[in-house]
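As structure tokens, the structure follows; a few thoughts come after it.
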Amino acid sequence: MDELPEFKRTALEVLRQPLEDGSVVISRAKMSVEYPAEFILVASMNPCPCGYFTHPEKKCTCSSVTIQKYLSKLSGPLLDRIDIHIEVEPVKLEMLQDAKEEEASVIIQERIYQARDLQMQRFDNQLFLTNSQMRKKQLQVYCKVDSAGESLLKTAMEKLHLSGRAYDKILKISRTIADLAKSDQIKAEHIAEAIHYRSLDKI
Ligand SMILES: [Zn+2]
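In structure tokens:
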């Protein structure tokens, strides 16, 4: 969904149930029907209507009321249900000209396959396959965090006023980051990266 805040707020709010439960219930006068609705939501948005609110050099021409109105299309409960939020900064010219070789996609793909294999083995006796599908019970079993990570998580919860749902998401994402790093235990560095992906919790 490109330009997420341009969608009607009512249409966006309807996404909350399928994002949470992987199903959608359509109710009519005499009956209600539940359909499976598991999907991956990928959405993008600007920081304000003109697009330059967080730009390091260009000046934003929007009033604070306009920005507030734009951002208010996205409710806290909807953002809470999106696992990863990433702020993308403008690419500097030096970076575009940098001839340094980036890691090839095929190597990244291999790392992802290995992390998915780990998850399949982990959930061998479950009815699901991935970290993102873990419920509270499995989080307690599979997301053991080292003590430095625990205290980092506690500080983030207090400082950013994160919800219980955001806490669970940070655990799941840090489990995946640890899997990609082939680490059995979730360490502080994995928790720190996962917290970084909750940037929209602050708006
Ligand atoms: Zn602007």
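Sequence positions in the sequence shown follow the working numbering and run 6 to 208. All C-beta atoms, glycine included, are put in the ideal place defined by N, C-alpha and C.
Judged by pairs of C-beta atoms under 8 Å, the region 171-191 touches the region 135-142, as three or more such pairs exist. A heavy atom of ligand 1 is found nearer than 6 Å to the CB of tyrosine 57. As a beta-bridge residue in DSSP terms, isoleucine 31 pairs with Val38.
In the DSSP annotation of this structure, the continuous segment of the alpha helix (DSSP H) that includes valine 111 starts and ends at 110-127. Within the same chain, and ignoring the five residues on either side of tyrosine 147 in sequence, the residues whose Cβ sits closer than 7 Å to its Cβ are Arg127, Met139, Arg180. Check the Cα spacing between lysine 159 and each of Ile175, Gly27, Val47: the tightest is with Ile175. Nearest C-alpha to glutamine 190 among Leu98, Ala42, Ala171, Glu155: Glu155.
Valine 96 sits in coil when the DSSP states are folded into three classes, being neither helix nor strand. Two segments are said to touch when three or more pairs of C-beta atoms, one from each, lie closer than 8 Å; by this definition the region 101-118 does not touch the region 163-170. Bridge partners of histidine 60 according to DSSP: none are assigned.
For the options Lys64, Leu17, Asn130, Ser68, the alpha carbon positioned closest to that of valine 47 is the one of Leu17.
For cysteine 53, the distance from the CB to the nearest heavy atom of ligand 1 is below 6 Å.
In the structure shown, the three-state DSSP call for isoleucine 72 is helix. A contact between stretches requires three or more CB pairs, one per stretch, nearer than 8 Å, and the region 62-69 fails this requirement with the region 18-32. With fewer than 16 other CB atoms across the displayed protein chains lying within 10 angstroms of its CB, glutamine 114 is exposed. Take isoleucine 196, set aside five residues on each side of it, and the residues of its chain with a beta-carbon closer than 6 Å to its own are Gly154, Leu157, Leu158, Ser179, in chain order. By the Cβ-count criterion, leucine 134 is exposed, with fewer than 16 other Cβ atoms from all chains shown falling within 10 Å of its own Cβ.
The straight-line gap separating the alpha-carbon atoms of serine 32 and leucine 20 is approximately 15 Å.
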